[in-house]
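So, in structure tokens, the structure goes:
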């Protein structure tokens with residue numbers, strides 16, 4: 171009876187140790203917070219910004235936060251893209267366990283405008299074989 175009790179206690183101790191080690195090495199969530207550099211030098215959270223890390227992506231919420239769950243430790247390419255803003259790209263090294271959020275600030279891209287102007291000849295009638303193309307205008 172004593173050996174059965176000793177085995178059970180030994181097994182329970184081993185199981186507790188394994189669970190503790192597994193939990194300590196588990197990847198924690200990674201938050202990426204994106205701000206806009208405003209004209210008055212303040213930073214404002216940006217919603218609906220696309221954040222890429224490795225082969226994953228997420229959009230920021232109303233607080234400017236995108237969260238990546240279960241991302242293992244390692245080196246990753248982090249990039250943030252938003253129309254009318256300069257793209258931010260950087261390498262990040264992540265450890266497993268608890269992580270602090272990464273804060274990034276986007277600045278407006280000067281002189282970039284998107285749009286299209288055009289005219290159709292022929293008095294407003296359709297022209298056979300004509301195709302429209304959207305062009306980038308600077």
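In my numbering, the protein residues as written are 171 to 308.
Yeah, the Cβ is synthetic: ideal placement off N, Cα and C, and Gly gets one too.
N- and C-terminal bounds of the beta strand (DSSP E) containing residue i
| i | result |
| --- | --- |
| residue 213 | 213-215 |
| residue 201 | 200-207 |
| residue 251 | 244-251 |
| residue 274 | 272-276 |
| residue 264 | 258-264 |
| residue 226 | 226-229 |
| residue 269 | Premise fails: residue 269 is in no beta strand (DSSP E) and is neither H nor E. |
| residue 279 | No beta strand (DSSP E) holds residue 279; DSSP gives it neither H nor E. |
| residue 236 | 235-238 |
| residue 219 | No beta strand (DSSP E) contains residue 219, which DSSP labels as neither H nor E. |
Assigned exposure category for residue i - 16 Cβ within 10 Å defines buried
| i | result |
| --- | --- |
| residue 203 | buried |
| residue 234 | buried |
| residue 236 | buried |
Cβ-Cβ distance between residue i and residue j below 9 Å
| i | j | result |
| --- | --- | --- |
| residue 258 | residue 250 | yes |
| residue 279 | residue 256 | yes |
| residue 222 | residue 248 | yes |
| residue 252 | residue 220 | yes |
| residue 267 | residue 196 | yes |
| residue 272 | residue 198 | no |
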